[in-house]
Structure formats: structure tokens, C-alpha cells
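Trainee: So the sequence shown is residues 311 to 932, counted in the numbering used here.
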Amino acid sequence: MKGLTQREEKMLSWFYKEGKLPFDGEKVTVSHEGDGIAVSCENGNVQLRLGREAYFGRALTLLEEGLASGKDFSVEETPAYRDLGLMADCSRGAVLNRDGFCKLVVNLARMGYTVLQLYIEDVYELPEYPYFGWGRGRYTAEDLRWMDDFADSFGIELIPAIQTLAHLRQIFRWRVFRDVHDLDDILLAGEEKTYELIDAMFRQFSSCMRSRRINIGMDEAHLVGLGKYLDQNGYRDRMQIMLDHFSRVHELANKHGLHPMMWSDMFFRLAAGGEYYAEDCKMDPRIAETIPEDVSLVYWDYYSEKKSIYDNMLDRHAEMTKNIIFAGGAWKWVGFCPNNRFSFRVTKLAHESCVEHGVKEVLVTAWGDNGGETSFFAILPSLQYWAELCYAGKAEEDSLRSRFRFACHADWDDFLLLDEPHFTPGNLENRCSITAHKYLLFQDVLQGMFDAHVEPDSYAAHYAACAEKLEKAAEKGGEWAILFETEAALCRVLEIKCRVGIDLRAAYLAGDRDEAIRQSGEVLPELLRRVGHFAELFRRQWFAENRPAGLDAFDVRIGGLKERLCAASARVEGWLSGEVSSIEELEQPRLPYEGKEPEKGREDLPSLHWNNIILPSEIGAI
């Protein structure tokens with residue numbers, strides 16, 4: 311290939327590790343001009359014109375796709391945004407290892423992403439604070455430099471996304487941080503030791519990473535100023551507390567040559583009594599007066615199904631600053647399965663609004679709430695969808711299928727199968743937070759907190775059908791097989807688990823000893839075996855992407871499930887033998903979770919964390 315930069319030569323070796331190009335490199339000429347990407351082939355001679363080195367990976371994807379047609383072709387793309395980025399949550403259990411990070415970067419580069427943010431609340435070392443991130447799979451300075459170098463070799467800007475106010479619950483289990491703790495997960499604003507800690511954060515990243523940009527967080531600090539701060543200072547205007555704290559943090563960032571971006575929600579929540587998307591919210595003029603020109607506000611919205619909401623919120627942001635970043639969502643934070651289909655729906659609306667409002671940077675967030683259970687790679691379709699809107703201006707299904715095959719070496723329709731466990735009979739595909747697969751997995755067999763919402767025959771058939779489709783996808787092999795194998799194994803668990811508690815209770819109440827014997831002697835042991843198989847595959851998937859830290863929470867949860875299945879079997883056997891006169895747990899009526907009867911044929915419950923799923927008794931969060 312002629313005209314390659316040194317960085318592009320490195321990229322080429324990563325994209326084609328075996329050194330074998332799927333085209334004649336001698337006939338490819340690369341030039342660097344313009345603002346976007348142009349790829350053409352005429353009489354076997356290929357021209358790649360790139361506005362940025364970071365576009366090289368996408369240009370190769372377009373080239374391979376075009377050559378596959380067997381005809382001359384010409385494609386030109388002008389990106390809608392200056393930067394398209396992914397934010398990978400490495401704070402909720404799943405901490406990307408080097409293999410997982412490399413694989414993610416390579417796939418992002420092939421799609422055309424130019425930014426990767428690492429969301430790391432406390433998952434990095436601070437030399438002055440040995441307890442910070444201890445046991446959490448934290449990144450060392452060497453790790454951060456290596457990751458920064460690797461991302462940079464693809465022209466991707468690696469940006470740390472940290473927290474400087476809330477979302478620091480993990481550090482407060484250690485008494486050494488009590489002096490900087492307000493309440494809940496919030497740092498104590500106004501305390502000098504707080505700013506010493508934040509200073510250490512900025513010093514670490516300024517020395518380890520090329521980017522001079524940093525995401526300082528400051529979102530969802532709902533109780534700011536209401537804990538120790540209130541005790542020490544009395545009640546103060548909470549907006550002023552936020553602005554004063556931000557000013558100190560901004561000063562420290564600038565001291566280390568860093569330019570912050572921050573989530574914007576607290577400015578809205580404090581102005582509108584806790585509401586983020588309030589249409590008639592009047593912004594406090596102090597915000598615009600306080601936010602400097604080098605600071606960007608990040609408007610996050612993963613839910614809204616009306617374009618007017620995005621339009622209104624972008625208008626409100628424009629009253630505060632001209633530096634607006636939009637953050638959408640690739641739904642991977644409601645259990646073990648992604649919801650790419652819902653992501654597509656809201657992404658299209660958000661993109662249209664961003665283009666109309668001249669937004670120049672978009673960030674796709676990949677949160678990992680409550681354990682990071684869904685693979686980072688399960689949302690590749692959502693990432694491809696954003697990329698096509700950015701570069702091609704449209705995301706049509708046939709085009710997506712083809713583009714995905716060449717960018718990710720994957721089958722589009724197979725990947726969308728990963729969504730399907732969400733969609734139990736009666737559920738709509740456009741629901742965002744359907745979590746039946748998670749609460750049916752973990753809820754206790756004998757107490758069935760969600761049994762009132764389950765139609766056992768149709769649910770069992772649904773999970774069996776999902777398993778069969780995913781098993782067929784896994785049989786194709788390839789680098790993505792483990793995703794399908796793991797989720798297929800989960801569905802095989804749910805095929806039994808969704809109904810076992812209901813069937814067992816029915817047998818007990820009817821005095822059907824034969825059925826009770828079958829449940830105890832056949833069904834529960836088979837369920838236990840399937841749980842073990844799923845756990846084995848999940849661990850294999852985890853280690854292919856992540857560090858060991860975080861898997862411990864999964865093991866505790868699965869271990870608890872296994873032990874309760876054994877306990878259920880023992881309880882039933884005790885009743886059958888006459889040793890136990892009654893099983894009180896099975897005599898309890900099954901109540902709807904939210905206090906109202908579910909609509910027939912439809913389960914529609916919010917996303918729930920593990921500690922709210924398994925038992926009526928207090929268990930605490932992990």
C-alpha cells in the first residue's frame with residue numbers, strides 16, 4: 311500500500327495479523343486530505359482518501375465491502391460529528407484485560423470511532439492512597455500508559471472518565487476515607503482533604519495519558535450537602551455547593567494541564583426539584599457564569615422515545631455553554647443480555663436532534679450496572695448503528711448486515727439473537743429495561759417473588775426457542791462463539807427455572823406426591839446441572855475479556871443460587887418423608903411485585919439489582 315503513515319502501517323498489522331491482505335496492496339494508494347473518507351476502485355486501482363488517520367480502519371472496512379461486490383465502486387463519507395466515542399464502564403465488576411481492550415479498540419477502529427473513554431471510578435492506582443481501588447482489578451500507571459499507547463496507535467483518543475463528587479461508594483468501605491465522606495457515595499465538598507485526593511487523581515492521569523481531556527463525572531450526586539456537610543456548615547444553597555466544588559475541581563484540573571468535561575444532570579436536577587428532563591426547567595444563570603470555556607457539558611439520555619425531549623434538552627444546554635457532548639446508550643446494563651433493538655430506536659431520534667443542533671461530539675455509553683454481566687461485545691450492533699448514522703447518515707438493515715460482516719467479522723442477525731431472552735411472551739421489543747431473565751435466574755425457588763408475573767408454559771417455550779437459536783449460532787464457531795454458547799446455556803437454565811417454583815408449589819398445595827417426587831428427584835437436579843454449565847461458560851467468557859476481579863460477585867450469587875436449589879430439594883424430601891410437616895414458604899400467596907396484578911400476557915417490571923431479586927429478606931448489595 312502506497313502513502314501509508316507509520317501509524318497506519320501499525321494498524322494494518324493489527325487488522326490483518328497473519329500479514330495476508332484480502333486485496334492486492336500494490337494497487338492501493340492512500341492520501342491524506344479533506345474532512346472525511348473516500349474509497350474508490352477503478353479497473354483494480356484503489357484510492358483511499360482520509361481526513362484523519364483514525365479513519366483508516368473504517369476505510370479498510372469500506373474497501374473490503376466494495377471489493378466483495380466484484381465491481382468498480384466509489385464511496386464518500388463526511389462524518390456528522392467531529393468525534394464519535396465509546397465509554398466503557400470498568401467500574402461495576404467487569405474490568406477489561408489487555409486482550410479484551412485490544413479486541414475492543416480494533417473493532418472500534420474498523421467502525422470509525424475516534425474516542426474511547428474508560429469509566430473507572432476507583433479502578434486505578436493512586437500511589438498516595440493504597441486503599442483506593444484495592445481488590446477491584448485497578449489499573450496501574452504502567453497499564454494506563456500501555457492502553458494509551460495502544461489506542462493512540464489506531465488514532466483513538468483514550469480519555470479517563472472518573473468521579474470527583476459522587477459514585478465513589480466503593481472507597482467508603484475503608485475507614486481511611488472517612489474524612490472525605492459526606493454521605494452515601496458522595497465526597498465531602500469544601501473539605502481540603504477531598505481536594506488533596508482529587509489533586510492526586512489528576513496528577514496520575516496527567517502523567518500516564520496523552521489526552522489533555524478528562525471526564526470528571528459529578529453526576530447523580532442527589533444528596534450533596536445533606537450529610538456531614540450539613541452537620542458542619544448548616545444548610546446552604548445546594549446549587550452553590552455544586553458550583554463552588556466544581557470551581558475547585560476545575561482549578562485542580564487546570565493545574566495539571568487537563569480540560570474537564572462533566573455530566574450535566576445535577577444542574578438540571580437542582581434547578582427542577584430532582585427532575586432531569588423537565589421541559590419547563592429554567593436554568594440558573596450562575597451556571598453559565600461559572601462554567602469556563604474549556605469545559606464541556608455532557609448531556610446523557612438513554613431512554614427518551616420522543617425527539618422533542620432531545621431537542622428541548624439540547625436547547626437548555628445551549629443556554630449554559632456552547633461545548634455540548636451528547637451521550638447515548640448501548641443497553642448492556644440490565645442483566646446478562648443486551649438490548650440492541652431498544653438502543654437502535656432511541657439512537658435514531660437522538661442522532662437526528664444532535665445533527666439539527668450542531669452537536670460535534672457523541673459518546674455511546676456501555677454501563678455495567680450491578681455486576682457487568684453482559685459482555686462488552688454483545689453491543690457491537692449498537693456501536694455499528696451509531697457509526698453508520700455518523701458516517702453514512704443512515705442505518706438501513708441491509709447495509710448494516712453487510713457493514714457489520716466486514717467491520718466485526720460477525721453475522722448481524724446472529725448478534726441480534728442475544729437480545730431475545732428479554733422478550734418473553736407479551737413483552738414489546740421496544741421496552742428498555744425488561745429483566746425477566748435476571749430475576750427468574752436468581753429468585754428463590756421456594757419463595758418466588760416474581761411468580762405472579764410468569765406464565766410458565768409460554769415462558770418455558772420462549773427460553774427453549776431462544777436456546778435453540780443461540781446454539782445454532784454458536785455452531786458456526788469463530789471468535790464470537792462463546793457469546794452465543796454462554797447465553798444459550800443461560801436460556802437452558804431459564805427453560806426450567808422460570809416454572810420450577812410454580813410447579814413445585816402447585817404439587818405441594820394439591821398434595822400431589824408423585825409430582826413432588828419428580829420435581830425433587832429429577833427437575834431440581836437437572837436445573838442444578840444446567841446452572842453449573844452456565845457458570846462454567848460465563849467464567850470462560852469473562853476471562854476472555856476481563857480481569858478476575860468482579861467475577862467474585864458472580865460466583866457468590868451463583869453459589870447462593872446453587873445452595874438454595876439444594877435446600878429446596880431437601881425441604882421437599884423432608885416433607886415427603888414426613889420429617890417436615892409443612893413447607894411454609896410454599897403456602898405463602900404469590901403477590902405481584904409492584905402491588906398490582908400484571909396485565910395478562912405481559913410482564914413489564916423495572917430493572918432490578920440482585921439484592922432486590924433473590925429474597926424478601928434483607929441480603930445487602932454486592
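Using N, Cα and C, we set each Cβ at its ideal position, and we do this for glycine too.
Can you give the Cα-Cα distance for S937 and I472, rounded to whole angstroms?
Mentor: Absent from the structure is residue 937, since the part of the chain shown begins at 311 and ends at 932.
Trainee: Where does the unbroken beta strand (DSSP E) through F512 begin, and where does it stop?
Mentor: Looking at the DSSP string, F512 is not in any beta strand (DSSP E); the run it does join, the alpha helix (DSSP H), is 502-518.
Trainee: Could you give the residue range of the beta strand (DSSP E) that holds A676?
Mentor: Residues 671-676.
Trainee: For C801, list the residues DSSP reports as bridge partners.
Mentor: Paired residues: none, contrary to the question.
Trainee: What's the call for C700, buried or exposed, on a 16-neighbour Cβ count within 10 Å?
Mentor: It is buried - the Cβ of C700 has at least 16 other Cβ atoms within 10 Å.
Trainee: Confirm, please, whether the CB-CB distance from G443 to D492 is below 8 Å.
Mentor: No; because the gap between Cβ atoms is not below 8 Å, this pair is not in contact.
Trainee: By the 10 Å Cβ neighbour count, where 16 or more other Cβ atoms means buried, how is N355 classified, buried or exposed?
Mentor: Classification for N355: exposed.
Trainee: Drop a sphere of 10 angstroms on the beta-carbon of T450, count the other beta-carbons inside from all chains shown, and report buried for 16 or more, exposed for fewer.
Mentor: The residue in question, T450, is exposed, as its Cβ has fewer than 16 Cβ neighbours within 10 Å.
Trainee: Roughly how far, in whole angstroms, is the beta-carbon of Q427 from the beta-carbon of I466, given that I think they are within contact range, below 8 Å?
Mentor: Contact flag wrong, Cβ pair sits at about 10 Å.
Trainee: Can you name, in chain order, every residue of its own chain whose Cβ lies under 8 Å from the Cβ of F411, other than the five neighbours on each side?
Mentor: Hits under 8 Å: M457, F460.
Trainee: Looking at the structure shown, is Q790 part of a helix, part of a strand, or coil, going by DSSP?
Mentor: For the sequence presented, residue 790 should be read as Trp rather than Gln. DSSP places W790 in coil when its eight states are reduced to three.
Trainee: Check whether the Cβ atoms of L750 and C808 lie closer than 8 Å to each other.
Mentor: For L750 and C808, yes; Cβs fall inside 8 Å.
Trainee: Bridge partners of E399, per DSSP?
Mentor: Checking the sequence shown, residue 399 turns out to be Asp, not Glu. Partner(s): Y429.
Trainee: On the DSSP letters alone, give me the boundaries of the beta strand (DSSP E) that N355 sits inside.
Mentor: Residues 355-360.
Trainee: On the CB-based measure, 16 or more other CB atoms within 10 Å of its CB, does Y545 come out buried or exposed?
Mentor: By the 10 Å Cβ count, Y545 comes out exposed.
Trainee: Going along the chain, which residues of its own chain have a beta-carbon closer than 7 Å to the beta-carbon of V349, five neighbours each way excluded?
Mentor: Hits under 7 Å: L358, A369, L372, L373, G376, V385.
Trainee: Distance, Cα to Cα, K320 vs F686?
Mentor: One C-alpha to the other measures close to 24 Å.
Trainee: Can you tell me the Cβ-Cβ gap for Y609 and M630, rounded? I've got them flagged as a contact below 8 Å.
Mentor: 10 Å between Cβ atoms; not a contact.
Trainee: Sort E506, L475, F464, N417 by Cα distance to E438 and report the nearest one.
Mentor: E438 has its Cα closest to that of E506, out of E506, L475, F464, N417.
Trainee: Measuring straight from C-alpha to C-alpha, what distance separates S891 and I827?
Mentor: Distance between the alpha carbons of S891 and I827 is about 16 Å.
Trainee: Whole angstroms is fine: what's the gap from D824's alpha carbon to E832's?
Mentor: Distance between the alpha carbons of D824 and E832: 11 Å.
Trainee: Report the option in F760, H560, S401 whose CA atom is closest to the CA atom of E904.
Mentor: Checked all of F760, H560, S401; the closest Cα to E904 is F760.
Trainee: Assuming R874 and V755 form a contact by the criterion Cβ under 8 Å, report the distance between their Cβ atoms to the nearest whole angstrom.
Mentor: Indeed they touch by this definition, with Cβ atoms about 6 Å apart.
Trainee: Quick check: D393 and T424, are their CB atoms within less than 8 Å of each other?
Mentor: The answer is yes: Cβ separation under 8 Å.
Trainee: Label G682 either buried or exposed according to how many other C-beta atoms from any shown protein chain fall within 10 Å of its C-beta, with 16 as the threshold for buried.
Mentor: When all chains shown are included, G682 counts as buried.
Trainee: Does the beta-carbon distance from S308 to N649 come in below 8 Å?
Mentor: Nothing can be reported for residue 308: it is not among the residues displayed for the chain, which extend from 311 to 932.
Trainee: Where does I827 fall in DSSP's three states?
Mentor: Here I827 sits in helix by DSSP.
Trainee: Is the separation between the beta-carbon of P691 and that of L726 shorter than 8 Å?
Mentor: Yes, the Cβ-Cβ distance between P691 and L726 is below 8 Å.
Trainee: Measure the beta-carbon distance from I524 to L568 and round it to whole angstroms, keeping in mind my assumption that it falls under 8 Å.
Mentor: I524 to L568, Cβ: 5 Å. Contact.
Trainee: For C351, report the span of its alpha helix (DSSP H) as first-last.
Mentor: Counting along the chain, C351 falls outside any alpha helix (DSSP H), though it belongs to the beta strand (DSSP E) covering 347-352.
Trainee: According to DSSP, which residues form a beta bridge with G329?
Mentor: DSSP lists no partner for G329.
Trainee: How about G335 and G346: do their beta carbons lie closer than 8 Å?
Mentor: Against a cut-off of 8 Å, the Cβ pair of G346 and G335 comes out as no contact.
Trainee: Taking 8 Å as the cut-off, does the stretch 481-488 touch the stretch 525-535 (at least 3 CB pairs, one atom from each stretch)?
Mentor: As far as the Cβ criterion goes, the stretch 525-535 does not touch the stretch 481-488, which means the pair count is below three.
Trainee: Taking CB distances under 8 Å as the criterion, tell me whether R522 reaches chain C.
Mentor: Absence of chain C from the displayed structure is noted, only one protein chain being present.
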